[in-house]
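Residue numbers (this note's numbering): 6 to 135.
For glycine and all other residues, C-beta sits at the position ideal for the given N, C-alpha and C.
Computed from a predicted model, the values in this text were never measured in an experiment.
Step one of this worksheet: look at the structure below.
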C-alpha cells in the first residue's frame, strides 16, 4: 500500500496474495532461527500482524461473503468453479448467479476495508524494510 488511504483494490490484491503471505511467514520463521536480521524480524512481525488482521476481518463477514472471497480471491478459483462450490455448499435451490457472487465479493471487500480503516490498521500494510 502506498499513500495514506487503503483502497478496495489494494484489499483485493492483498487477499489474492494471501497464500504467498502465509508461505513467506513460514520461511521467515525458519530464517529467523539462524539469523538476527533486524529488518527481517520486523517484516516477519508485520507480516504476522497482517495475516491476523486479514483473518479477523474475514471472520466479521457474512458466511456467504467470506466463502466467496476465500474461494475466488484466496484459493484462486475462477467464477464458474466458485459458483459450483457455492451450490455444493448451500444447494442448488440456494444457488446464486455469477453477478450476485461478484456483488457479494465486492460487499465483503468493502466491509474488510471499513474494518481496517475504522480500526486504524492501514499503516500496518505500508511498505516494509525491504
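- In this structure residue 74 is not in contact with residue 24, their Cβ atoms being roughly 13 Å apart against a cut-off of 8 Å.
- The Cβ atoms of residue 37 and residue 55 lie no closer than 9 Å to each other.
- Ranked by Cα distance from residue 116, the first of 131, 76, 58 is 58.
- In the DSSP assignment, residue 49 falls within the alpha helix (DSSP H) that extends over 43-64.
- Under the three-state reduction of DSSP output, residue 125 falls in the coil class, being neither helix nor strand.
- Within the same chain, 76, 90 come within 8 Å of residue 82 by CB-CB distance, once the 5 residues on both sides are set aside.
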